Amino acid sequence: ASKKFFDNLKDKFINDMIEFSFSVSTKA
318 ASKKFFDNLK DKFINDMIEF SFSVSTKA
C-alpha cells in the first residue's frame, strides 16, 4: 500500500513539474 502511495505521489510530482515547465515555456 505504501509503495502505491509513493508511486502516486511521484506521478503527481512529475505531472506538476511538467505543467509548471510548460507554463513557463509558454510565457517566455
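When you read off a place in the sequence shown, starting at 1, and then add 317, the result is the number in my numbering.
Note that CB positions come from ideal geometry on N, CA and C, so glycine has one too.
Just so you know, these numbers come straight off a predicted model, no measurement behind them.
If we ignore side chains and look at the alpha-carbon of each, how far apart do residue i and residue j end up?
{"i": "residue 344", "j": "residue 332", "result": "18 Å"}
{"i": "residue 318", "j": "residue 325", "result": "11 Å"}
{"i": "residue 322", "j": "residue 335", "result": "20 Å"}
{"i": "residue 320", "j": "residue 339", "result": "28 Å"}
{"i": "residue 330", "j": "residue 341", "result": "16 Å"}
{"i": "residue 327", "j": "residue 337", "result": "15 Å"}
Looking at the C-beta of residue i, does it have a partner C-beta in chain D at a distance below 8 Å?
{"i": "residue 329", "result": "Protein chain content of the structure displayed is limited to a single chain, and chain D is not contained in it."}
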